[in-house]
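Below is one structure, written out as structure tokens; the observations come after it.
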Amino acid sequence: MKTREIQNGTKINMHFGSTIIPGILNDSEPARELISRLPYTVRASRYDYDICGIMDKPLSFNDGDLISGWKNGDIDFTTQGDYFTILFDNEENCYGEFVNLGVIDCDPSRMIH
1 MKTREIQNGT KINMHFGSTI IPGILNDSEP ARELISRLPY TVRASRYDYD ICGIMDKPLS
61 FNDGDLISGW KNGDIDFTTQ GDYFTILFDN EENCYGEFVN LGVIDCDPSR MIH
């Protein structure tokens, strides 16, 4: 179950090998910038509680776009290292600042398998 609700967002499909994860991007300026780049490829790797990869060209953002930490199911841009990341676990121990772009549109546990 996703932990942020997005009304009237832009639906996307993210491909990880043969696995397709549906997502919904919000209406923020950074998310609209990402939408303008679609289709877009990020070489990503799976870690303990996220899938992330470095974006070739970072997204633009301002201080008002930053949030502290994450919620399981978030699609985020991390400002330290220019990472595109999908966070699926460990929100109770979250840290750092992120730009939220949207959410996955499936149970976050699908990302664990």
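Start counting the sequence shown at 1; every next residue gets the next number (the UniProt record's numbering). In this text, a Cβ means the ideal position worked out from N, Cα and C, and glycines have one as well. Please read these numbers as outputs of a predicted model, since none were measured by experiment.
For residue i and residue j, what's the separation of their Cα atoms in angstroms?
i	j	result
residue 27	residue 56	22 angstroms
residue 60	residue 33	8 angstroms
residue 111	residue 24	16 angstroms
residue 42	residue 54	7 angstroms
residue 84	residue 52	5 angstroms
residue 46	residue 86	9 angstroms
residue 6	residue 65	16 angstroms
Taking Cβ positions, are residue i and residue j nearer each other than 8 angstroms?
i	j	result
residue 49	residue 77	no
residue 94	residue 70	yes
residue 82	residue 58	yes
residue 108	residue 62	no
Between which two residues does the beta strand (DSSP E) harbouring residue i extend?
i	result
residue 25	19-25
Across which residues does DSSP place residue i in a beta bridge pair?
i	result
residue 16	19
What residue range does the alpha helix (DSSP H) around residue i cover?
i	result
residue 33	29-37
_I'd like the ranges of any beta strand (DSSP E) spanning at least 3 consecutive residues and lying wholly in the region 54-86._
66-68, 74-78
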